Structures are given as structure tokens and as C-alpha cells.
Amino acid sequence: MVQCAHCGVNQPVSESVLANGRYYCCAAHLREAQSDGA
1211 MVQCAHCGVN QPVSESVLAN GRYYCCAAHL REAQSDGA
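Counting the sequence shown from 1 gives a position; my numbering is that position plus 1210.
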């Protein structure tokens, strides 16, 4: 299980998006985090 770096939800690694060493619950949260400068 990993935690989304944007919203904090926990989910399996296999269902997560990994980018820049951080896990996200979905591609939308990855995009939001990138636009926030995270």
C-alpha cells in the first residue's frame, strides 16, 4: 500500500501512478500536483 502524495488516500502500488519518486492515486492527481509545483 502507498499513499497518494496529493490527497493522502491509500491504495495498492499496482493501482497507483508513480512519478518523480511519489505515488498518486490517479493521473488527475499527478497532473494537479505538477501544476501546483509539487
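By construction, the Cβ of each residue, glycine as well, lies at the ideal position given by its N, Cα and C atoms. Source: prediction; values computed, not measured.
Since Leu-1240 sits in a beta bridge, which residues does DSSP pair it with?
The count along the sequence shown starts at 1 and reaches residue 1240 at position 30. DSSP output for Leu-1240 lists no bridge partner at all.
Could you tell me how far apart the beta carbons of Gln-1244 and Cys-1235 are, in whole angstroms, since I believe they sit closer than 8 Å?
Residue mapping note: residue 1244 aligns to position 34 of the sequence shown, counting from 1. Residue mapping note: residue 1235 aligns to position 25 of the sequence shown, counting from 1. In fact, because the Cβ distance is near 15 Å, the residues do not count as touching under 8 Å.
Let me know if Cys-1217 comes out buried or exposed under the rule of 16 or more other beta-carbons within 10 Å of its beta-carbon.
For the purposes of this step, residue 1217 is taken as residue 7 along the sequence shown, with counting starting at 1. With fewer than 16 Cβ atoms within 10 Å of its Cβ, Cys-1217 is classed as exposed.
On the DSSP letters alone, give me the boundaries of the beta strand (DSSP E) that Val-1227 sits inside.
The count along the sequence shown starts at 1 and reaches residue 1227 at position 17. Segment 1227-1229, the beta strand (DSSP E) holding Val-1227.
Using the three-state DSSP reduction, which class does Val-1219 fall into: helix, strand or coil?
For the purposes of this step, residue 1219 is identified with residue 9 of the sequence shown, where counting begins at 1. Coil, per DSSP.
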